[in-house]
Amino acid sequence: MSADSTTTPRGRSVLLLFAVTIFASAFLLFQVQPLISRFILPWFGGSPAVWSTCMLFFQVVLFAGYLYAHLTSTKLSPRWQAIVHVCLLLGAAMLLPITPDASWKPDPAANPSLRIILLLAACVGLPYFLLSSTGPLLQRWFSLQAPGVSPYRLYSLSNIGSLLALISYPFVVEPAFSSPVQAEIWSWGFRAFAVFCIVCSIGLVRASNVTRQSEDVKDSDEGPAPTWGDRLMWFGLAAVASVMLLATTNQVCLDVATVPFLWILPLTIYLLSFILCFDGDRWYSRKTYAALFFIALIAVINTLLGGVQVSIILQVMVYLAGLFLCCMVCHGELAAQKPGTRHLTSFYLLMSAGGAVGGLFVGLIAPYVFNSYWEMHIGLFACMLVMPAIYYRDKTSPLYRGQSRPGWMMIGLAVCLLSVGLIRHAWHLVGESIAVSRNFYGVLRVEDDEQQTRRGLYHGTILHGMQFLDDEKQSLPTSYYGQRSGVGAVMQHHRPGAARRIGVVGLGVGTLATYGTSHDVIRYYEINPEVVRLAEEYFTFLSDTPSELEVVLGDARLSLEHEDDQQYDVLVLDAFSGDAIPTHLLTREAGDLYAKHLKDDGILCVHVSNIHFDLRPVVQGLAEHLGMYSANVEGRANEEQGTQHCHWMLLSRHPINEQIILATDAFNELFFFTTAPSSGPTTGATSSPSYADAAVLTHHSAVRSCRIGCSGLFDIVVRPADK
């Protein structure tokens, strides 16, 4: 086929066939990532590390696919390339569908990262491997059948397919279909892709003689062979972009919630930069992006230093803008350095290797080597070195190989100043901590205050429990669990003196154990074993309580699914005060599970204090779904008692007993809202909610709002339903 043969009917057919096949492979490749990750997210407690581990797996398999494409295209004849690939496609089709079996649900004693990797390998390993190899392999096949026609536009087309897959998932696929249906549809899509790929391989075999001749002739786009320095740059640029992608995703999910939409935003930006940079030279200007890149580094570091004082929307915008500019620089330079088609597969291979190493660093090495989230800092420092490295190798630059000493001094000064900001923030993360621990579920710190009177447990910047160090105050319920809080009122005045069964989702430091009596059984559900260790070693709430204590390790929702009816008098949900919200604990299915384990007169207490989100409408929607009455109790902070401002929602099948509130000695500092259910308990709502269910779980119905003022009088406020 000649260089202009794509203008002939047969040439156009070949081009269309390859374009459709590559587009389909890219679409399926990036559709399965959020699909399977969303499927298993509740199994592993909704941790941001679930997505990082999934991305690690996908990047490593992507590298394996590119390695396979490189080796087969350079070591095998076209006929054998086709035979091997078709056999693998048929084998993958036999393993469908990709729905994970329930037997893969985690064992609390098992390593969650390893469990996720094994699960993904068993369910999507071979199909994903073949989809990963399709881009470079079919571009190589196309270049052999159409010598002289650049295959890089097919690469841009594959990125467009990837982008459409990511955008369509949260807005079209996830809201419309349950996870099992999504997996079934995807499996049929893979079968259709396999048919297209087999047709491409048949065309390759037919053109094998032409292909062999073309392999011995350098096409017009061949150019010089890449040096080892070029190859190292390909690898390094891809690795930096990969680290920043995953580090930014972690940062955003830690600040907001672990939901597919927030996984997809950074990945979409990453892919968009690929599309723009490989579409043509007009999208990337080194001078322009070098300046913007420097400004972005300053903005990101300042945002890190600002922490929770910076609004969540601004944080997300700054982090994503920084990621976009980093990726534009890395991918723009990769596109500028791309070799001729003879070295195409090795180019993609080294790019994927860099991406895989970045994924290994963030997803596997960092959680078990570092005691805090250092990968963002390391990624930003690597970004600082990218532009100097590029200018150092550019023969047209005045900075080439160390020339222009003043210029290099300015660059060195800028890197040092930015590094000081990173070091300052890194020190703030650890500071004067008594203990720091990091694992799959995040970073925990135990710290005493400056006066050495209080000790707190922190997850990131969020307090998860505090205890006075003074013996006289050591047994006081503090932080969000004081006697004036909603849960404090329930624990003191719901069936006092009776033998109660109390369930608590989220251990913290075990503060609620202070309310227990010798007749009570308190059963804690905690997914993070490090929380249990730190609560036992550095706090005394658990050891001082007269109650019988039980601690169940593992995700609370899975544990409750597997347990017999616990008949709880009180069930406390305390997993939503952190930056990252485990949304799978607020779904309709989860609500049905809580109701199953409550006694008829039991009370569900939900801690909804959150610095970024008002979760009260969400829990109100849960109450309406369950046909329960609900009350919102707001507790004021009391420095002397060590309590903080907090919100608790109380749900019950019967009208909330206002005496629970009125019987306390501090009712004048509580706000009490009671809402009647709009209907009886609903049934049949079993579909898994989408990533947006934190806003969709409820509709605004008429709410009767009763405020208990200092005088004890009721001010009735009626708010009509929103239309």
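Heads up: the sequence shown is residues 62 to 784, going by our numbering. By construction, the Cβ of each residue, glycine as well, lies at the ideal position given by its N, Cα and C atoms. All of these numbers come straight from a predicted model, not from anything done at the bench.
Could you work out which residue in Gly-415, His-706, Glu-508 is closest to Phe-124 when comparing CA atoms only?
Gly-415
Report buried or exposed for Lys-399, applying the criterion of at least 16 other Cβ atoms within 10 angstroms of its Cβ.
buried
Three Cβ pairs or more, each shorter than 8 Å: is that satisfied between the region 517 to 527 and the region 585 to 603?
yes
Using DSSP with H/G/I as helix, E/B as strand and the rest coil, what is Arg-697?
coil
The region 503 to 512 contacting the region 666 to 681, beta-carbon criterion three pairs below 8 Å
no
Pick out the complete alpha helix (DSSP H) segments inside the region 546 to 633, 4 residues or longer, and give them in chain order.
547 to 554, 590 to 599, 602 to 605, 617 to 623
Measuring straight from C-alpha to C-alpha, what distance separates Cys-388 and Gly-543?
48 Å
Quick check: is any heavy atom of the ligand MG less than 7 Å from the C-beta of Ser-223?
The ligand MG is not among the ligands present in this structure, which contains no ligands whatsoever.
Pop quiz: Tyr-585 and Glu-611 are said to be a contact at Cβ under 8 Å. What is the actual Cβ separation, rounded to whole angstroms?
7 Å
One question on the structure: do His-686 and Arg-649 come within less than 8 Å of each other, judged by their Cβ atoms?
yes
Would you kindly work out how many angstroms separate the C-alpha atoms of Glu-533 and Thr-514, rounded to a whole number?
11 Å
Check the C-beta distance from Phe-408 over to Ser-219 and give it rounded, since I have them as a contact under 8 Å.
That pair is no contact at about 14 Å.
Should Asp-581 and Ser-620 be called a contact, given that it needs their Cβ atoms to be closer than 8 Å?
no
Since Leu-381 contacts Phe-251 with CB under 8 Å, what's their CB separation in whole angstroms?
Contact flag wrong, Cβ pair sits at about 31 Å.
Based on the DSSP output, what are the partners of Asp-509 in its beta bridges?
Arg-516
For Pro-103, is the classification buried or exposed, using 16 other Cβ atoms within 10 angstroms of its Cβ as the cut-off for buried?
buried
What are the boundary residues of the alpha helix (DSSP H) that includes Ile-159?
Where Ile-159 is concerned, there is no enclosing alpha helix (DSSP H), given that its DSSP letter is neither H nor E.
Answer yes or no: do Asn-432 and Val-497 have a C-beta to C-beta separation smaller than 8 Å?
yes
Specify the secondary structure class of Leu-711 as computed by DSSP and reduced to three states.
strand
Use the C-beta contact count for Gly-152: other C-beta atoms within 10 angstroms, 16 or more gives buried, fewer gives exposed.
exposed
Which value, in whole angstroms, describes the spacing of the CA atoms of Val-613 and Leu-634?
14 Å
Val-266 versus Ile-221: straight-line alpha-carbon distance, rounded
28 Å
When the distance is taken between beta carbons, is Leu-632 closer than 8 Å to Val-593?
no
Could you have a look at Arg-73 and say whether DSSP puts it in helix, strand or coil?
helix
CB-CB under 8 Å to Ser-494, same chain, minus the five flanking residues each way: which ones, in chain order?
Arg-506, Val-507, Glu-508
Which first and last residues belong to the beta strand (DSSP E) in which Arg-343 is found?
Looking at the DSSP string, Arg-343 is not in any beta strand (DSSP E), and its letter there is neither H nor E.
Where do the ends of the beta strand (DSSP E) carrying Gln-120 lie?
Note, Gln-120: premise wrong, no beta strand (DSSP E); alpha helix (DSSP H) at 109 to 136.
Leu-323 and Gly-420 look like a contact to me (Cβ under 8 Å); what is the Cβ gap, rounded to whole Å?
About 18 Å; that fails the 8 Å criterion.
Limits of the beta strand (DSSP E) - the one that Phe-529 falls within:
523 to 529
Got a sec? Which residues, its chain only, sit under 6 Å from Gln-142 by beta carbon, not counting five neighbours each side?
Thr-133
Who are the Cβ neighbours of Arg-618 in its own chain at under 7 Å, not counting the five residues just before and after it?
Pro-103, His-645, Leu-646, Ala-651, Leu-654
Assign Asp-162 to buried or exposed, taking buried as 16 or more other Cβ atoms, counted over all protein chains shown, within 10 Å of its Cβ.
exposed
Count the other CB atoms, across all protein chains shown, that sit within 10 Å of the CB of Arg-176; report buried if there are 16 or more and exposed otherwise.
buried
In this structure, what does DSSP give as the bridge partners for Leu-149?
None, per the DSSP bridge assignment.
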